[in-house]
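Q:
There are 2 protein chains.
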Amino acid sequence: MRTLAIQRKAVKRSTGTDAPRRASRRGKGRAPLSKEQILRAATLVADRDGLGAVTMRRLGQELGVEAMSLYHHVTNKEEVVAGMLELLVSELPAPDAGDWKATIRARALAAREHLRPHAWAFRLIANAEGVNLMKHHDAVVASLRAGGLSRQLTHTAMHVLGNRTFGFSEDLFLGDDHGHRRVQEILREVRQGKYPAIAEALQGVHHDDDLEFIFALDLILDGLERARDGEARDARTTSPVRDA
Amino acid sequence: MRTLAIQRKAVKRSTGTDAPRRASRRGKGRAPLSKEQILRAATLVADRDGLGAVTMRRLGQELGVEAMSLYHHVTNKEEVVAGMLELLVSELPAPDAGDWKATIRARALAAREHLRPHAWAFRLIANAEGVNLMKHHDAVVASLRAGGLSRQLTHTAMHVLGNRTFGFSEDLFLGDDHGHRRVQEILREVRQGKYPAIAEALQGVHHDDDLEFIFALDLILDGLERARDGEARDARTTSPVRDA
DNA sequence: ACGCGAAGGCTTACACTGTAAGTCGGTATG
DNA sequence: CATACCGACTTACAGTGTAAGCCTTCGCGT
Chain A
3 MRTLAIQRKA VKRSTGTDAP RRASRRGKGR APLSKEQILR AATLVADRDG
53 LGAVTMRRLG QELGVEAMSL YHHVTNKEEV VAGMLELLVS ELPAPDAGDW
103 KATIRARALA AREHLRPHAW AFRLIANAEG VNLMKHHDAV VASLRAGGLS
153 RQLTHTAMHV LGNRTFGFSE DLFLGDDHGH RRVQEILREV RQGKYPAIAE
203 ALQGVHHDDD LEFIFALDLI LDGLERARDG EARDARTTSP VRDA
Chain B
3 MRTLAIQRKA VKRSTGTDAP RRASRRGKGR APLSKEQILR AATLVADRDG
53 LGAVTMRRLG QELGVEAMSL YHHVTNKEEV VAGMLELLVS ELPAPDAGDW
103 KATIRARALA AREHLRPHAW AFRLIANAEG VNLMKHHDAV VASLRAGGLS
153 RQLTHTAMHV LGNRTFGFSE DLFLGDDHGH RRVQEILREV RQGKYPAIAE
203 ALQGVHHDDD LEFIFALDLI LDGLERARDG EARDARTTSP VRDA
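Residue numbers (the numbering used here), protein chains in the order written: chain A, 3 to 246; chain B, 3 to 246.
Following this line, the structure appears as structure tokens:
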């Protein structure tokens with residue numbers, strides 16, 4: 003047994019890989035390494051080089067550790083990615099403005115700022131679950147109900163709002179420069195007249211993502227308020243459920 | 003050179019792979035194979051086994067061809083995936099109802115039906131571009147403008163509508179059974195009281211994705227119409243641009 | 001003081017991915 | 001008839017996630 007191991011080692015050494023002793027031996031007791039450390043490292047890598055660069059080997063390298071060692075702290079890569087998002091979402095600010103509309107608005111804008119440096123999160127959040135994510139949604143639901151929306155309308159409201167409560171809508175231009183370049187490309191095509199209606203609509207409209215996001219959000223919130231204030235009837239009579 | 007090749011072949015043959023002559027030789031002139039064929043095959047695979055099963059080798063196998071042969075018709079896998087979506091979108095029905103609201107509504111619902119068997123498309127469409135996709139958007143913009151919305155409001159409208167014009171909102175429950183199972187899991191947690199506000203709001207609300215989609219869509223369309231009819235002023239005075 | 005069991009690293013190996021580079025047979029064109 | 005080229009095939013490679021097993025070191029019960 004033992005001899006076998008030694009043999010293998012010897013073989014490996016002769017196979018050519020020089021400098022076999024990594025400089026990783028740090029101090030004496032090696033690094034403790036925790037799940038959170040891994041997630042922080044992953045976040046850093048994703049911020050710098052994109053989500054595609056988050057790879058077990060890369061993470062190990064970033065932490066001065068072999069890839070497989072990570073599996074003592076996470077069960078698989080999926081958990082890493084999910085964890086990154088959960089960590090981020092758990093740190094979302096949750097400001098309280100006065101009424102429900104102001105609160106939801108404030109939180110969306112705060113989330114927008116919070117997530118801005120982490121473009122990868124946008125792509126992830128769409129299909130994610132996770133406790134902190136659900137807590138966020140729970141808070142929004144609470145606000146809506148406190149604002150006097152019916153259960154049914156609250157349900158609809160969540161659908162309409164979508165991920166906007168996290169501070170973004172799902173357009174093309176996701177923060178990274180790759181997406182940015184593609185938008186430029188499309189704009190050029192528009193100017194060439196391939197999409198006449200878009201070209202017409204774009205005339206004189208000065209584009210500001212932040213402003214546009216706020217417009218859209220306000221339009222939705224106002225729409226919800228109006229739906230609450232009575233004419234919830236007409237569009238809703240087809241619904242099999244009626245509640246207060 | 004030539005001898006070298008022969009040598010290599012000899013080596014390979016001795017290496018063990020029996021049955022080297024594939025039965026793929028079809029008829030005599032081999033199959034023509036086109037990009038569209040590849041895309042159709044890819045769509046079929048994705049429909050059956052999910053987008054993750056779409057792999058060059060798998061596609062080749064599906065078409066009775068080696069993986070590398072595909073590269074004579076597409077430049078890389080990215081183009082395959084983009085092509086799948088473009089093909090699907092190019093086949094979207096574009097019904098014309100009377101006014102702009104009815105038309106957009108009808109198209110969204112038609113798209114919903116059209117895309118329903120292709121769950122993978124939902125995930126893709128969010129970050130995609132492509133000519134046919136843009137044409138779809140162009141048509142929506144045209145409808146909005148024809149409906150009397152200002153350029154600025156049209157802009158906002160596109161943000162608010164997002165991918166809803168393709169017949170879906172970006173919730174968790176993407177058609178595939180994997181997502182379905184996760185929703186069940188979350189519902190169980192809700193019932194366990196982890197998310198009290200959601201639990202409260204869910205009482206007595208009977209859930210129907212299609213109905214809910216329509217509610218949300220109508221709420222948005224009505225909101226847009228109201229914004230058009232005048233009070234576009236108050237929420238919009240902050241905008242640097244004013245147009246008719 | 002000691003032994004030992006587990007924690008947490010490391011190594012190897014494997015199946016699978018996309019794709020670069022080169023080979024080769026047939027068919028259409030000079 | 002010769003040739004060029006198209007469209008298939010073959011081989012090879014680097015990079016992915018991760019299963020399985022090995023080795024060292026530390027903390028703790030006896």
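Heads up, the beta-carbon is just placed ideally off N, CA and C, and yes, glycines get one too.
Note that the coordinates shown come from a computational prediction; the quantities given were computed from them, not determined experimentally.
Any heavy atom of the ligand GTP closer than 6 Å to the beta-carbon of B/Leu163?
A: Judged by which ligands are present, the structure shown has none, so any question about the ligand GTP falls away.
Q: Please confirm if A/Phe217 has its CB atom under 7 Å from at least one CB of chain B.
A: The residue labelled residue 217 of chain A in the question sits at position 215 within the first sequence. Cβ-Cβ to chain B under 7 Å: yes for A/Phe217.
Q: Per DSSP, what kind of secondary structure is B/Asp173 in: helix, strand or coil?
A: Walking along the second sequence from the start, residue 173 of chain B turns up at place 171. The answer is coil: DSSP assigns B/Asp173 none of H, G, I, E or B.
Q: What is the DSSP secondary structure of B/Glu98, reduced to helix, strand or coil?
A: To locate residue 98 of chain B, count along the second sequence from 1; it is residue 96. Before going further, note that residue 98 of chain B is Asp rather than Glu in the sequence given. B/Asp98: coil per DSSP, three-state reduction.
Q: From this set, B/Met136, B/Gly206, B/Asp211 and B/Thr158, which residue's C-alpha is nearest A/Tyr197's C-alpha?
A: Position 195 of the first sequence holds residue 197 of chain A. Closest option to A/Tyr197, Cα to Cα, is B/Met136.
Q: Alpha helix (DSSP H) containing A/Met86: first to last residue?
A: To locate residue 86 of chain A, count along the first sequence from 1; it is residue 84. Segment Lys79 to Ser92, the alpha helix (DSSP H) holding A/Met86.
Q: Take the Cβ of B/Thr77 as the centre, count every other Cβ of all protein chains shown within 10 Å, and call the residue buried at 16 or more, exposed below.
A: Here residue 77 of chain B corresponds to residue number 75 of the second sequence, with the count starting at 1. With fewer than 16 Cβ atoms within 10 Å of its Cβ, B/Thr77 is classed as exposed.
Q: May I ask you to report which of helix, strand or coil DSSP gives B/Arg1?
A: For residue 1 of chain B there is no data in the structure shown, the boundaries of chain B being 3 and 246.
Q: Residues of chain B with a CB under 9 Å from the CB of A/Ser171: which are they?
A: Translated into positions along the first sequence, residue 171 of chain A becomes position 169. Those within 9 Å of A/Ser171 in chain B are His161, Val162 and Gly164.
Q: For the candidate residues A/Leu41, A/Arg183, A/Ala99 and A/Arg118, whose alpha-carbon lies nearest to that of A/Glu88?
A: As a working mapping, residue 88 of chain A is identified with position 86 in the first sequence. Measuring from the Cα of A/Glu88, the nearest candidate turns out to be A/Leu41.
Q: Using the C-alpha atoms, what's the distance from A/Arg59 back to A/His227?
A: As a first step, residue 227 of chain A is located in the first sequence; it is residue number 225 there, counting from the start. As a first step, residue 59 of chain A is located in the first sequence; it is residue number 57 there, counting from the start. A small correction: the amino acid at residue 227 of chain A is Glu; His does not occupy that position in the sequence shown. About 50 Å.
Q: Taking the alpha carbon of B/Ser152 as the point to measure from, which residue in B/Gly52, B/Gly62, B/Gly232 and B/Asp49 has its own alpha carbon closest?
A: What you label residue 152 of chain B is simply residue 150 of the second sequence in a count that begins at 1. B/Ser152 has its Cα closest to that of B/Gly232, out of B/Gly52, B/Gly62, B/Gly232 and B/Asp49.
Q: Does the Cβ-Cβ distance between B/Ala110 and B/Thr156 come in under 7 Å?
A: In the second sequence, the residue the question calls residue 110 of chain B occupies position 108. In the second sequence, the residue the question calls residue 156 of chain B occupies position 154. Result no, Cβ atoms of B/Ala110 and B/Thr156 do not sit closer than 7 Å.
Q: Near A/Glu68, what residues of its chain come up, given a Cβ to Cβ distance below 6 Å and the 5 sequence neighbours on each side ignored?
A: Residue 68 of chain A sits at position 66 when you count from the first residue of the first sequence. Once the five neighbours on either side are set aside, the close Cβ partners of A/Glu68 are Gly62.
Q: Should A/Ala199 and B/Ala159 be called a contact, given that it needs their Cβ atoms to be closer than 7 Å?
A: The count along the first sequence starts at 1 and reaches residue 199 of chain A at position 197. The count along the second sequence starts at 1 and reaches residue 159 of chain B at position 157. No, the pair does not count as a contact, with Cβ atoms beyond the cut-off.
Q: For B/Ser171, count neighbouring Cβ atoms within 10 angstroms of its own Cβ and tell me buried if that reaches 16, exposed if not.
A: Along the second sequence, read from residue 1 onward, the residue named residue 171 of chain B stands at position 169. By the 10 Å Cβ count, B/Ser171 comes out buried.
Q: If contact is defined by three or more beta carbon pairs under 8 Å, each pair taking one atom from either stretch, is the region 44-59 of chain B in contact with the region 78-87 of chain B?
A: Output reads yes: the region 44-59 of chain B touches the region 78-87 of chain B.
Q: Which residues, in chain order, does the region 143-155 of chain A contribute to contact with chain B at a C-beta distance below 7 Å?
A: Taking 7 Å as the Cβ-Cβ cut-off against chain B, the residues of the region 143-155 of chain A that qualify are Val143, Ala144, Arg147, Arg153 and Gln154.
Q: For B/Ile200, go through chain A and note every residue whose CB falls closer than 8 Å to its CB, in chain order.
A: Here residue 200 of chain B refers to the residue found at position 198 when the second sequence is read from its first residue. Chain A residues near B/Ile200: Met136, His139, Asp140 and Val143.
Q: Skipping 5 residues on each side, what residues in its chain have a beta carbon closer than 6 Å to that of B/Ala112?
A: As a working note, residue 112 of chain B is residue 110 in the second sequence. Contacts found: Pro95 and Pro97.
Q: Given a cut-off of 7 Å on the beta-carbon distance, is the pair A/His139 and B/Ala218 in contact?
A: Stepping through the first sequence from its first residue, residue 139 of chain A is reached at position 137. Stepping through the second sequence from its first residue, residue 218 of chain B is reached at position 216. The answer is no: Cβ separation not under 7 Å.
Q: Let's see if you can read the secondary structure: which residues bound the alpha helix (DSSP H) around B/Gln205?
A: In the second sequence, counting from the first residue as 1, residue 205 of chain B sits at position 203. That residue, B/Gln205, is in no alpha helix (DSSP H); it is neither H nor E in DSSP.
Q: Does B/Asn129 come out as helix, strand or coil in the three-state DSSP assignment?
A: Translated into positions along the second sequence, residue 129 of chain B becomes position 127. Here B/Asn129 sits in coil by DSSP.
Q: Nearest to A/Leu1 by CA position, among A/Leu204, A/Gly52, A/Leu35 and A/Val207, is which residue?
A: Coverage of chain A is limited to positions 3 through 246, which leaves residue 1 of chain A absent and any answer about it impossible.
Q: Report the neighbours of B/Thr158 on chain A: residues whose CB is nearer than 7 Å to its CB, in chain order.
A: As a working mapping, residue 158 of chain B is identified with position 156 in the second sequence. Residues of chain A passing the Cβ test: Glu214, Phe217, Ala218 and Leu221.
Q: What residues of chain A sit near B/Gly225, judged by a beta carbon separation below 8 Å?
A: Here residue 225 of chain B refers to the residue found at position 223 of the second sequence. Within 8 Å Cβ-Cβ: Leu221, Ile222, Asp224, Gly225 and Arg228.
Q: Does any CB atom of chain B fall closer than 7 Å to the CB of A/Arg184?
A: What you label residue 184 of chain A is simply residue 182 of the first sequence in a count that begins at 1. For A/Arg184, the answer is yes, since a Cβ of chain B falls inside 7 Å of its Cβ.
Q: Check whether chain B comes within 7 Å of A/Ala128, counting only Cβ atoms and requiring the distance to be less than that.
A: The residue you call residue 128 of chain A lines up with position 126 of the first sequence. Closer than 7 Å: yes.
Q: Between the alpha carbons of B/Ala229 and A/Glu38, how many angstroms are there, rounded?
A: Here residue 229 of chain B is taken as the residue at index 227 of the second sequence, counted from 1. Here residue 38 of chain A is taken as the residue at index 36 of the first sequence, counted from 1. Near 47 Å, if we compare the C-alpha coordinates of A/Glu38 and B/Ala229.
Q: Taking Cβ-Cβ distances shorter than 9 Å, what residues in chain B pair up with A/Arg125?
A: Here residue 125 of chain A refers to the residue found at position 123 of the first sequence. Under the 9 Å cutoff, chain B gives Ala128 and Asn129.
Q: Grab the span of the alpha helix (DSSP H) containing A/Asp51 for me, first residue to last.
A: Taking the first residue of the first sequence as position 1, residue 51 of chain A is located at position 49. Counting along the chain, the alpha helix (DSSP H) containing A/Asp51 begins and ends at Lys37 to Asp51.
Q: DSSP three-state call for A/His182: helix, strand or coil?
A: By one-based count along the first sequence, residue 182 of chain A stands at place 180. Correct three-state label for A/His182: helix.
Q: Report buried or exposed for A/Gly206, applying the criterion of at least 16 other Cβ atoms within 10 angstroms of its Cβ.
A: Numbered from its first residue, the first sequence carries residue 206 of chain A at position 204. A/Gly206 should be labelled exposed.
Q: Within 10 angstroms of the Cβ of A/Glu214, are there 16 or more other Cβ atoms? Answer buried if so, exposed if not.
A: Against the first sequence, residue 214 of chain A aligns to sequence position 212. Classification of A/Glu214: buried, given that the 10 Å Cβ count is 16 or more.
Q: Rounded to a whole number of angstroms, what is the C-alpha to C-alpha distance between B/Val47 and A/Ala123?
A: Locating residue 47 of chain B in the second sequence gives position 45, counting from the first residue. Locating residue 123 of chain A in the first sequence gives position 121, counting from the first residue. Approximately 29 Å between the Cα atoms of the pair.
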